[in-house]
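So the sequence shown is numbered by our numbering: it starts at 15 and just counts up by one.
All residues carry an ideal CB built from backbone N, CA and C; glycine is no exception.
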Amino acid sequence: MTSTTSRRVLLAKPRGYCAGVDRAVQTVEIALEQYGAPIYVRKQIVHNVHVVKTLEEKGAIFVDETEEVPEGAIVVFSAHGVAPSVHQEAAGLSLRTIDATCPLVTKVHKEAVRFARDDFDILLIGHEGHEEVIGTTGEAPDHIHLVDGPDDVANVQVRDPDKVAWLSQTTLSVSETVATVEKLRERFPNLLDPPSDDICYATQNRQTAVKEMAAGAELVIVVGSRNSSNSVRLVEVAKEHGADDAHLVDYADEIDPAWLAGVTTVGVTSGASVPDELVHGVLAWLAERGYGDVQEVEPVEEHMRFSLPKELRRDLRAEPGAQLPITPVG
Ligand code: SF4
Numbered sequence: 015m016t017s018t019t020s021r022r023v024l025l026a027k028p029r030g031y032c033a034g035v036d037r038a039v040q041t042v043e044i045a046l047e048q049y050g051a052p053i054y055v056r057k058q059i060v061h062n063v064h065v066v067k068t069l070e071e072k073g074a075i076f077v078d079e080t081e082e083v084p085e086g087a088i089v090v091f092s093a094h095g096v097a098p099s100v101h102q103e104a105a106g107l108s109l110r111t112i113d114a115t116c117p118l119v120t121k122v123h124k125e126a127v128r129f130a131r132d133d134f135d136i137l138l139i140g141h142e143g144h145e146e147v148i149g150t151t152g153e154a155p156d157h158i159h160l161v162d163g164p165d166d167v168a169n170v171q172v173r174d175p176d177k178v179a180w181l182s183q184t185t186l187s188v189s190e191t192v193a194t195v196e197k198l199r200e201r202f203p204n205l206l207d208p209p210s211d212d213i214c215y216a217t218q219n220r221q222t223a224v225k226e227m228a229a230g231a232e233l234v235i236v237v238g239s240r241n242s243s244n245s246v247r248l249v250e251v252a253k254e255h256g257a258d259d260a261h262l263v264d265y266a267d268e269i270d271p272a273w274l275a276g277v278t279t280v281g282v283t284s285g286a287s288v289p290d291e292l293v294h295g296v297l298a299w300l301a302e303r304g305y306g307d308v309q310e311v312e313p314v315e316e317h318m319r320f321s322l323p324k325e326l327r328r329d330l331r332a333e334p335g336a337q338l339p340i341t342p343v344g
């Protein structure tokens, strides 16, 4: 039996909110204050049930499609980005749009447009059906082919094998993406790389922290929602890097006490769309069961911030004495 005194928690840092999620959530909160409820939001603003529920309580209305928004209303586009056709639909309905697409997703959109303009076949590494992938594909639907992991490489068909480039979803596993690119390069030796990493700094940093933490933990608990790509990846990375067991939970009450059997060290982290209060809930749950000793594991420091969407900045600046809540440093 594990002695209570030896039980401990390793807490990964960085974890939780990234700059893109922080900006997107603030966008909806500030829009509600600035314009009043309701504010419509196309898709989940970020992939976290708690965040969505909290914003709904404040007056946000989440819709799946732009056509569900009443004519002339305000709609916020989520952090995952949208295809150009969605902007056109919104303009057709005279909607006032606020685009909370993460700037790092916008960067991938721009890369897709540039490669398509040069008539490359673009191999987009990502997960089928994910909103970000749908949005990026919409920038150049005739040029983009989805590659869903290394096993999908054999299925790729291109017009000219010497004129091929790859891009990726921002929230993938770094190691799996490297494996996919290696396989693609075996088939297409002249494959062109993106101008810079598409897997974003936040995804990479959270995976780096979980790798270091998992090496010293028998069990890893990742706080995050099932539709959050980067959170699901953290569970996989934990298992690949030393944890005997790893689970994804939205809330502390989803933890099964049986997972703790024989466990001395529990690793805790959270996905990029998770507010830290949910992690504190998990830490409190663990402390009640003898895991009160918490040590942070911080292999990399993170300081990225993004400025609010330009539509919101413009209206806030117009307010006498207005102070913009975020300074652009990212
Ligand atoms: S996970 Fe990365 S790409 Fe996605 S919102 Fe956060 S910073 Fe942006």
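If I follow the unbroken beta strand (DSSP E) through residue i, where does it start and stop?
i, result
"residue 224", "Where residue 224 is concerned, there is no enclosing beta strand (DSSP E), although the alpha helix (DSSP H) it sits in stretches over 215-228."
"residue 182", "178-182"
List the residues that DSSP assigns as beta-bridge partners of residue i.
i, result
"residue 159", "137"
"residue 237", "263 and 284"
"residue 148", "Beta-bridge pairing links residue 148 to no other residue."
"residue 77", "56"
"residue 89", "54 and 111"
"residue 24", "281 and 309"
"residue 206", "179"
For residue i, verify whether its CB is less than 7 Å away from any heavy atom of ligand 1.
i, result
"residue 50", "no"
"residue 293", "no"
"residue 114", "no"
"residue 185", "yes"
"residue 217", "yes"
"residue 286", "yes"
"residue 137", "no"
"residue 350", "Given that the chain is displayed from residue 15 to residue 344, the structure contains no residue 350 and the question cannot be resolved."
"residue 181", "no"
"residue 62", "no"
"residue 119", "yes"
"residue 301", "no"
"residue 169", "no"
"residue 93", "yes"
"residue 204", "no"
"residue 241", "no"
Can you give me the start and stop residues for the alpha helix (DSSP H) that residue i sits inside?
i, result
"residue 36", "33-49"
"residue 102", "98-106"
"residue 325", "324-331"
"residue 300", "290-302"
"residue 243", "243-254"
"residue 274", "Per DSSP, residue 274 belongs to no alpha helix (DSSP H) and is neither H nor E."
"residue 195", "188-201"
"residue 315", "Note, residue 315: premise wrong, no alpha helix (DSSP H); not H, not E."
"residue 117", "117-131"
"residue 71", "63-72"
Report yes if the CB atom of residue i is closer than 8 Å to the CB atom of residue j, and no otherwise.
i, j, result
"residue 246", "residue 25", "no"
"residue 289", "residue 64", "yes"
"residue 252", "residue 260", "yes"
"residue 229", "residue 255", "yes"
"residue 148", "residue 182", "no"
"residue 184", "residue 119", "yes"
"residue 75", "residue 110", "no"
"residue 257", "residue 298", "no"
"residue 128", "residue 167", "no"
"residue 55", "residue 35", "no"
"residue 164", "residue 193", "yes"
"residue 279", "residue 250", "no"
"residue 235", "residue 308", "no"
"residue 292", "residue 45", "no"
"residue 198", "residue 172", "no"
"residue 282", "residue 23", "yes"
"residue 9", "residue 40", "No statement about residue 9 is possible, as the shown extent of the chain runs from 15 to 344 and does not include it."
"residue 28", "residue 303", "no"
"residue 134", "residue 72", "no"
"residue 314", "residue 223", "yes"
"residue 372", "residue 80", "Given a span of 15 to 344 for the chain in the structure shown, any question on residue 372 remains unanswerable."
I'd like to know if residue i contacts chain D, where contact means its C-beta is closer than 8 Å to some C-beta of that chain.
i, result
"residue 185", "Included in the structure is just one protein chain, with no chain D present."
Which whole-angstrom value describes the C-beta separation of residue i and residue j, a residue pair presumed to lie in contact below a C-beta threshold of 8 Å?
i, j, result
"residue 30", "residue 239", "Going by Cβ atoms, the distance from residue 30 to residue 239 rounds to 13 Å, so no, they are not a contact pair."
"residue 318", "residue 33", "4 Å"
"residue 170", "residue 137", "6 Å"
"residue 126", "residue 158", "6 Å"
"residue 130", "residue 92", "Contact flag wrong, Cβ pair sits at about 23 Å."
"residue 115", "residue 96", "7 Å"
"residue 153", "residue 98", "6 Å"
"residue 121", "residue 94", "Incorrect: roughly 14 Å between the Cβ atoms, too far for contact."
"residue 107", "residue 83", "7 Å"
Nearer than 7 Å: is that true of the beta carbon of residue i relative to any heavy atom of ligand 2?
i, result
"residue 249", "This structure lacks ligand 2; its bound ligands are ligand 1."
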